[in-house]
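Asks:
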């Protein structure tokens, strides 16, 4: 029989953090940021005495940094969320969990009689969720886990309502427009953008890692020829497993951080070489060894075609690669973290992520979006084609996103890249985009559907000479950097990811039927 302690409903007072780290609204942003770093907290509450006036979170610091405002001039009051929502200490934890999930909050002040008495975070609530019966919170969990926070990360985030995403503390689109992919790779692994000297050192370090080990290179032709019509991404799963086996990758649970990080660097460096080699073998061509003198994107196109690409093509592909390095807890990234949470080796986690990426609802749409443009053909045919497709219930490939409810910032950036490159498909794509949004607004009122990253990605890659079967593999060649960053983060502070399910079958136990 349950005792009084197990019958008791847990309240916010049982789990909240106290005392709360506070600041004054008149404090400078530099001081508030320093306080958050020193106290290792994700938010501070601005108070007058003990009365909460606002809350300043890590998200606010990211917005502040992106705005370029001088940290010694701006004050907390200019950037905090005024009059933040709060909960009382006697509220049960399931209600608090629902409030944070519904609003997308990560921290919420606990207020009693107008006085600040504590703060509760999503981490606090998830810790409680781990020991509560699954049915206690099952009704709060939406299908597909949409909007559910399952972990904390400092790698990046996606803010769908704002049409904004970032890597670490930097706007991802700004990085794509002003930095190299090597810079972003360094940022994801090291936590900061490199100086010119650090960039050169990093490039020199990873260049020799692009080489496929000789024993694996020797068996590439028979592997590739087993499935000459198989997508290169499918072949990558097999060859990457061989890389891990040849290099002796051990379970992440059994190795030190430095060894795991070295493995991650090796995998990220060799994946583009594996992909281009597989593609060439499948087309009866010899693989091309990487050129250590070429930067990442130029080398990728060189290994694919055997010629050093035009600078504008290399830069366009590089911008696409940067824009797809990471994107929150998408299906493939979450898969990589789940596998890592079991203590499996890094190659196993990346292979699992590749499997998730191969699904057309995740990474397989760039070529399909271009196929749609081919099917439409001309602007005159756009409206009847689109209208018929929507009325049939078909998906418009390249439109809509699970997270973004406004313009996908990656699509906006790549539209500009496509316009810079020019070509016959660009104007048609822009006209079809406008017509599709018009048709969707009419036939699906209330649903905000805009182009996603795949729509213009196909235009850009096609213009730069990438064959359609290499669109999703190219996506993988950059996303592997994000996967590996998440693998390193998961392994550094690991807990086995083991959620519960809500059973909806016939009520058990049923009597066993007699054998006929």
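In the numbering used here, the protein residues as written are 25 to 540.
Ideal Cβ placement from N, Cα and C applies to all residues, glycine included.
Note down, one range per segment and in chain order, each alpha helix (DSSP H) of at least 4 residues found wholly within the stretch 336–407.
Replies: Listed in chain order, they are 355–365, 370–381 and 389–400.
Asks: Quick one: measure Cβ to Cβ for residue 447 and residue 487, integer angstroms, because I've assumed they're closer than 8 Å.
Replies: Yes, they are in contact, since the Cβ atoms of residue 447 and residue 487 sit about 5 Å apart, within 8 Å.
Asks: My output table needs one value for residue 67: the three-state DSSP class, helix, strand or coil.
Replies: Strand.
Asks: Let me know the secondary structure DSSP gives residue 143 once reduced to three states.
Replies: Correct three-state label for residue 143: strand.
Asks: If you follow the alpha helix (DSSP H) that residue 510 is in, where does it begin and where does it stop?
Replies: That run of the alpha helix (DSSP H) goes 495–516.
Asks: Around the Cβ of residue 457, are there at least 16 other Cβ atoms within 10 angstroms (buried) or fewer (exposed)?
Replies: Looking at its Cβ environment, which holds 16 or more other Cβ atoms inside 10 Å, residue 457 is buried.
Asks: With burial defined as no fewer than 16 other Cβ atoms inside 10 Å of the residue's Cβ, what is the status of residue 501: buried or exposed?
Replies: Residue 501 is buried by the Cβ-count criterion.
Asks: Assuming residue 326 is part of the beta strand (DSSP E), what are its boundary residues?
Replies: Element bounds for residue 326: not the beta strand (DSSP E) but the alpha helix (DSSP H), 320–329.
Asks: Quick check: the Cα distance between residue 523 and residue 314, rounded to an integer number of angstroms?
Replies: So the alpha carbons of these two residues sit roughly 42 Å apart.
Asks: For the alpha helix (DSSP H) containing residue 440, name the first residue and the last one.
Replies: Start and end: 433–445.
Asks: In chain order, which continuous runs of the beta strand (DSSP E) of length 3 or greater are located wholly inside the stretch 261–296?
Replies: Fully enclosed beta strand (DSSP E) runs of 3 or longer: not present.
Asks: Could you compute how far the alpha carbon of residue 396 sits from the alpha carbon of residue 468?
Replies: So the two alpha carbons sit approximately 20 Å from each other.
Asks: What residue range does the alpha helix (DSSP H) around residue 223 cover?
Replies: 220–230 is the extent of the alpha helix (DSSP H) around residue 223.
Asks: In whole angstroms, give me the CA-to-CA distance for residue 269 and residue 130.
Replies: The straight-line gap from Cα to Cα measures roughly 40 Å.
Asks: Under DSSP, the beta strand (DSSP E) around residue 77 begins and ends at which residues?
Replies: Here the beta strand (DSSP E) through residue 77 covers 75–81.
Asks: If you measure from the beta carbon of residue 176 to each beta carbon in chain B, is any gap under 8 Å?
Replies: Looking at the structure shown, chain B is missing, and only one protein chain is on hand.
Asks: Helix, strand or coil: how does DSSP classify residue 181 here?
Replies: In this structure, residue 181 counts as strand in the three-state DSSP scheme.
Asks: Can you give me the C-alpha to C-alpha distance between residue 329 and residue 312, rounded to a whole angstrom?
Replies: Answer to the nearest angstrom: the Cα atoms are 9 Å apart.
Asks: Quick check on residue 459: does DSSP put it in helix, strand or coil?
Replies: DSSP places residue 459 in helix when its eight states are reduced to three.
Asks: Who are residue 46's beta bridge partners in DSSP?
Replies: DSSP, once it has assigned bridges, lists 69 as partnering residue 46.
Asks: With H, G and I counted as helix, E and B as strand and the rest as coil, what does DSSP make of residue 158?
Replies: Low per-residue confidence applies at residue 158: pLDDT is 44, beneath 50, and the placement is therefore not dependable, though the value from the model is reported in the following sentence. The answer is helix: DSSP assigns residue 158 an H, G or I state.
Asks: Can you tell me where the beta strand (DSSP E) holding residue 245 begins and where it ends?
Replies: Per DSSP, residue 245 belongs to no beta strand (DSSP E); it is in the alpha helix (DSSP H), 238–250.
Asks: Does residue 84 come out as helix, strand or coil in the three-state DSSP assignment?
Replies: Helix, per DSSP.
Asks: Roughly how far, in whole angstroms, is the beta-carbon of residue 338 from the beta-carbon of residue 205, given that I think they are within contact range, below 8 Å?
Replies: Contact doesn't hold; Cβ gap of about 11 Å is too wide.
Asks: Over what stretch of residues does the beta strand (DSSP E) that includes residue 135 continue unbroken?
Replies: Start and end: 131–136.
Asks: Once DSSP output is grouped into helix, strand and coil, what is the label at residue 163?
Replies: For residue 163, the predicted structure reports a pLDDT of 45, less than 50, and the residue's modelled location is therefore unreliable. A value from the coordinates is still provided. Looking at residue 163 - three-state DSSP - the assignment turns out to be helix.
Asks: Would residue 210 and residue 222 qualify as a contact pair, given that the criterion is a beta-carbon distance under 8 Å?
Replies: Contact: yes.
Asks: Roughly how many whole angstroms lie between the Cα atoms of residue 382 and residue 251?
Replies: Going from the Cα of residue 382 to the Cα of residue 251 covers about 16 Å.
Asks: Kindly confirm or deny that the stretch 74–91 and the stretch 100–113 touch, where touching means at least three C-beta pairs closer than 8 Å.
Replies: Touching, per the Cβ criterion.
Asks: Does the contact criterion of 3 or more C-beta pairs under 8 Å hold for the stretch 34–52 versus the stretch 103–118?
Replies: Output reads yes: the stretch 103–118 touches the stretch 34–52.
Asks: To the nearest angstrom, report how far apart residue 72 and residue 48 are at their CA atoms.
Replies: Spanning the two alpha carbons is a distance of roughly 7 Å.
Asks: Spell out the partners DSSP gives residue 189 in its beta bridges.
Replies: DSSP lists 182 as partners of residue 189.
Asks: Between the C-alpha atoms of residue 359 and residue 400, what's the straight-line distance to the nearest angstrom?
Replies: Taking the straight line from one Cα to the other gives about 35 Å.
Asks: Would you mind sorting residue 260 into buried or exposed? The rule is 16 or more other CB atoms within 10 Å of its CB.
Replies: Buried is the call here.
Asks: Below 8 Å between beta carbons: does that hold for residue 318 and residue 295?
Replies: Cβ atoms of residue 318 and residue 295: not closer than 8 Å.
Asks: Name the one or two DSSP bridge partners that residue 116 has.
Replies: Residue 116 is bridged to 35.
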